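The structure appears right after this line, and notes come after that.
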Amino acid sequence: MSTRPVVIAANWKMHKTRAEALEFAGEYTEWLDAELADAPGHLQVVVAPAYTSLEALVEANPPCGIFAQNMHQASHGPFTGEVSAQMLLDVGAHGVILGHSERRQYFAETNEALADKVSAALNHGLFAMLCVGETLEQRQAGQLEQIVGDQLRIALGSIDIQRALSRLSIAYEPVWAIGTGETATPEQAQLAHEFIRAVLVDVLGHDTAHRIPILYGGSVKPANASELLSQPDIDGALIGGAALDVESFTGIISAGADRARSGAGRLEV
Ligand code: PGA
């Protein structure tokens with residue numbers, strides 16, 4: 000029986016020079032090779048460095064996906080400071096994180112722009128990891144389902160379902176848990192993931208929805224990763240702070256490898 004992959008992803012944000020990125024890769028490549036050999040096919044690791052380190056990391060060829068943290072939806076044009084899907088492919092990147100709450104909050108990224116970004120990424124053959132999540136005020140006002148539902152329905156409204164099947168993942172990141180040390184409880188996260196899965200069924204159909212990994216993000220660390228990953232719809236983790244350090248990142252990958260070996264995430268299709 001097939002399973003959804005377990006995806007453990009590092010979002011380095013605006014951290015690490017090229018030399019630091021390469022040092023990190025050098026320290027964990029051998030360990031990761033062994034861990035992946037022990038969880039064949041089901042464990043996927045992703046590292047998303049700053050644009051400036053993408054090419055160096057791709058060339059270092061660690062056994063993981065190398066993702067950008069953002070991209071522009073257009074192929075080229077007068078968009079100072081932006082980078083397109085073609086440019087990411089040109090440096091060998093495999094995928095891109097889209098719609099992180101910091102992009103939404105500080106760079107005014109809208110659901111409508113994200114619809115174009117997700118389509119552009121998938122149409123160019125990149126993996127797309129779409130981030131969704133509510134703020135504390137929205138959660139307290141009982142708006143989680145409306146906010147996260149809109150984020151998903153708008154951003155995924157026009158994608159090619161065949162492309163999404165193997166290249167799309169969703170990261171549920173409650174904004175109040177990012178970088179705060181405050182984590183959603185496994186039960187809170189599972190409820191949100193269940194809701195996300197139901198929206199995916201509605202938008203993409205049952206079979207595709209059950210194949211798409213849904214990652215949890217927000218203060219994930221080695222001490223809470225196993226518990227979060229024990230939930231049926233938590234298929235991985237997107238990690239900021241704790242992924243800057245090899246020891247804590249590998250600790251979380253180990254928790255992901257345990258989940259992959261346990262055969263969790265069996266497809267009900
Ligand atoms: P954090 O960040 O792990 O530092 O909370 C997660 C994220 O922003 O993706």
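Numbering that gives the first Met the number 0 numbers the first residue of the sequence shown as 0 and each following residue consecutively.
Ideal Cβ positions, reconstructed from N, Cα and C, are used throughout, including at glycine.
Keep in mind that this is a model prediction, so the values were computed, not measured.
In this chain, the beta strand (DSSP E) harbouring A8 covers V5 to N10.
Secondary structure in the region 120-155: the beta strand (DSSP E) runs of 3 residues or longer, each lying completely within the stretch, are 126-131 in chain order. In summary, Y171 is buried, with 16 or more beta-carbon neighbours lying within 10 Å of its beta-carbon over all protein chains present. By the criterion of a C-beta distance shorter than 7 Å, D32 is surrounded in its chain by P62, once the five residues flanking it on both sides are discounted. By the Cβ neighbour-count rule, W11 is buried, with 16 or more other Cβ atoms within 10 Å of its own. Under the Cβ criterion (8 Å, minimum of three pairs), the region 79-89 does not count as touching the region 133-149. Distance from the CA of A176 to the CA of F66, rounded to the nearest whole angstrom, comes to 22 Å. Comparing alpha-carbon positions, the option among L199, P4 and G240 lying closest to Q43 turns out to be P4. Annotated as proximal: V147 and F194, with beta-carbon spacing under 8 Å. Taking the Cα of R138 as reference, the smallest distance to any Cα among L190, T28, L199 and A197 is reached at L190. For E58, the Cβ stays outside the 7 Å cut-off from all heavy atoms of ligand 1. Within the same chain, Cβ atoms closer than 7 Å to the Cβ of S247 are found at K220, P221 and A241, the five residues on either side in sequence being excluded. The region 203-211 makes no contact with the region 122-135, as fewer than three CB pairs between them are under 8 Å.
The Cβ-Cβ distance between V117 and L151 does not fall below 8 Å. For H205, the number of other beta carbons within 10 angstroms of its own is below 16, and it is reported as exposed. Residue side-chain check: L237 places its Cβ nearer than 7 Å to a non-hydrogen atom of ligand 1. Between the alpha carbons of G124 and S157 lies a gap of roughly 16 Å.
Taking C-beta separations shorter than 7 Å and ignoring five residues to either side along the sequence, the partners of E111 in its chain run I153, following chain order. In this structure, G235 sits near A8, with a CB-CB distance shorter than 8 Å. The Cβ atoms of L167 and L121 lie closer than 8 Å to each other. Fully contained in the region 52-118 are the following alpha helix (DSSP H) runs of length 4 or more, in chain order: 84-89 and 100-105.
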